[in-house]
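Student: I have a structure here, written as structure tokens, and I will follow up with some questions on it.
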Amino acid sequence: PFPHPVSLPGCDTQEGSHPKPSISVSPGGVIPVGGNVIIQCRHQHLGMRILLYKAGAGNYLTYTDPAGSEAEFPITSARWEHGGSHTCRYSDRTGGAAHSEPSDPVQIIVAGEGPSPAPRLPAPHPARPPGNSP
Numbered sequence: 001p002f003p004h005p006v007s008l009p010g011c012d013t014q015e016g017s018h019p020k021p022s023i024s025v026s027p028g029g030v031i032p033v034g035g036n037v038i039i040q041c042r043h044q045h046l047g048m049r050i051l052l053y054k055a056g057a058g059n060y061l062t063y064t065d066p067a068g069s070e071a072e073f074p075i076t077s078a079r080w081e082h083g084g085s086h087t088c089r090y091s092d093r094t095g096g097a098a099h100s101e102p103s104d105p106v107q108i109i110v111a112g113e114g115p116s117p118a119p120r121l122p123a124p125h126p127a128r129p130p131g132n133s134p
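Residues in the sequence shown are numbered from 1 upward in steps of one, following full-length UniProt numbering.
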């Protein structure tokens, strides 16, 4: 006996029954490394689980079971890995297969660090001598 009825993803979502949630980022714009940002997700149903996704991550990053219809996902001490396109969805708290449509994506941009041509740390000399790789 299974604790939940078995269902195929997409088969039990009826058009309009799970409208996509809204998502916002505060503060918006570019976040400095070490800065703080809050991703807020809102939907129209009470008692639902809200899941946060990041593009390219495969599965959800985290989730919460808020008392109301709004959830906040704080990011503290931001690093470049936190940057990217984020969406949220909501589902029944039992973890059933019925998920809402994803929200519109929001972009988080973390400035000052990351895989870019700019050096990660200020260097005293423009070039490193050969053989001193970390």
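For glycine and all other residues, C-beta sits at the position ideal for the given N, C-alpha and C.
Which partner residues does LYS54 have in the DSSP bridge list?
Tutor: To locate residue 54, count along the sequence shown from 1; it is residue 54. DSSP, once it has assigned bridges, lists HIS86 as partnering LYS54.
Student: Please report the distance separating the alpha-carbon of THR62 from that of HIS99.
Tutor: Locating residue 62 in the sequence shown gives position 62, where the first residue counts as 1. Locating residue 99 in the sequence shown gives position 99, where the first residue counts as 1. Answer to the nearest angstrom: the Cα atoms are 15 Å apart.
Student: Name the residue from GLY112, GLY56, PHE73 and ALA57 whose alpha carbon lies nearest to the alpha carbon of THR64.
Tutor: The residue labelled residue 64 in the question sits at position 64 within the sequence shown. The residue with the shortest Cα to Cα distance from THR64 is PHE73.
Student: Helix or strand or just coil, what does DSSP make of GLU101?
Tutor: To locate residue 101, count along the sequence shown from 1; it is residue 101. It is coil, neither helix nor strand.
Student: Cβ atoms of ILE50 and CYS88: under 8 Å apart, would you say?
Tutor: As a position in the sequence shown, residue 88 is number 88, starting the count at 1. As a position in the sequence shown, residue 50 is number 50, starting the count at 1. A contact, by the Cβ cut-off of 8 Å.
Student: Within 10 angstroms of the Cβ of LEU52, are there 16 or more other Cβ atoms? Answer buried if so, exposed if not.
Tutor: As a first step, residue 52 must be located in the sequence shown, where it is residue number 52. When all chains shown are included, LEU52 counts as buried.
Student: Below 8 Å between beta carbons: does that hold for VAL106 and SER24?
Tutor: Within the sequence shown, residue 106 is the residue found at index 106, counting from 1. Within the sequence shown, residue 24 is the residue found at index 24, counting from 1. A contact, by the Cβ cut-off of 8 Å.
Student: Which residues in the same chain as ILE38 place their Cβ atom closer than 6 Å to its Cβ, once the five residues preceding and following it in sequence are excluded?
Tutor: Here residue 38 is taken as the residue at index 38 of the sequence shown, counted from 1. Contacts found: SER26, GLU72 and PRO74.
Student: Compute the distance between the beta-carbons of GLY28 and ALA78, then report whether it is under 8 Å.
Tutor: The sequence position of residue 28 within the sequence shown is 28, counting from 1. The sequence position of residue 78 within the sequence shown is 78, counting from 1. The answer is no: Cβ separation not under 8 Å.
Student: Between GLN40 and GLU70, what straight-line distance do the alpha-carbon atoms span, to the nearest angstrom?
Tutor: As a first step, residue 40 is located in the sequence shown; it is residue number 40 there, counting from the start. As a first step, residue 70 is located in the sequence shown; it is residue number 70 there, counting from the start. Using only the alpha carbons, I get a separation of about 7 Å.
Student: Only counting the same chain, and skipping five residues up and downstream in sequence, which positions put a Cβ closer than 7 Å to that of TYR60?
Tutor: Start at 1 with the first residue of the sequence shown, and residue 60 comes out as number 60. Correct list, in chain order: LEU51, LEU52 and TYR53.
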